[in-house]
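As structure tokens, the structure follows; a few thoughts come after it.
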Amino acid sequence: ITVYGSTHNLSSNSALVELEVLPPVGQEILLTLFDGKKELISIESHVIRVERDPAKPKAALSIGKDIDKWQEIVIPAAQEWVTNDIKLNYEGDDWLN
33 ITVYGSTHNL SSNSALVELE VLPPVGQEIL LTLFDGKKEL ISIESHVIRV ERDPAKPKAA
93 LSIGKDIDKW QEIVIPAAQE WVTNDIKLNY EGDDWLN
């Protein structure tokens, strides 16, 4: 089964992903992240929690193997995305230091 979603939070060993169909807790899944249409990484993960909010159902995923690969590829890409988002949407705002 392939389910598409969007990431909400990424950390050094986990991800919070909004999904239309939530997998069961404990399920091992293959998480694939994209930057636009370019695939960044495909990595094994485990569902550690689900949030059954009807508006935004989410699954918390723990990265099991290849943590070094995850940190090497995903974290810099996420930092770059946040930096670009701030420049595009918030630059010049008084609250932004």
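Here the working numbering runs 32 ahead of the position in the sequence shown, where the first position is 1. Here a beta-carbon is modelled for each residue, glycine too, at the ideal position from N, C-alpha and C.
Roughly how far, in whole angstroms, is the beta-carbon of residue i from the beta-carbon of residue j, given that I think they are within contact range, below 8 Å?
| i | j | result |
| --- | --- | --- |
| Leu65 | Leu72 | 5 Å |
| Leu10 | Gly68 | Here the chain covers residues 33 to 129 and nothing more, so residue 10 does not appear. |
| Ser44 | Ile107 | 6 Å |
In its own chain, which residues sit with a C-beta less than 6 Å from the C-beta of residue i, not counting the 5 before and 5 after it?
| i | result |
| --- | --- |
| Ile80 | Ala92 and Ser94 |
| Val35 | Leu51 and Val53 |
Considering only C-alpha positions, which residue in the set the options is nearest to residue i?
| i | options | result |
| --- | --- | --- |
| Glu60 | Gly96, Asn41 and Lys88 | Gly96 |
| Leu62 | Ile75, Pro56 and Lys70 | Ile75 |
| His78 | Gln111, Val114 and Pro56 | Pro56 |
Span of the beta strand (DSSP E) holding residue i?
| i | result |
| --- | --- |
| Ala47 | Ser46 to Leu51 |
| Arg84 | Note, Arg84: premise wrong, no beta strand (DSSP E); not H, not E. |
| Thr64 | Glu60 to Asp67 |
| Gly37 | Gly37 to Leu42 |
Please list, in chain order, all residues of the same chain as residue i whose beta carbon is under 7 Å from its beta carbon, the five residues on each side excluded.
| i | result |
| --- | --- |
| Glu83 | Pro89 and Lys90 |
For residue i, which residues of its own chain have a beta-carbon under 8 Å away from its beta-carbon, when the five flanking residues on both sides are left out?
| i | result |
| --- | --- |
| Asp98 | Ile75 and Glu76 |
| Asn41 | Ala47 and Leu48 |
| Asn121 | none |
| Trp102 | Ser44, Asn45, Ile73, Ile75 and Ile95 |
In the DSSP output, what is residue i paired with across the bridge?
| i | result |
| --- | --- |
| Ile75 | Leu63 |
| Leu93 | Ala47 and Val79 |
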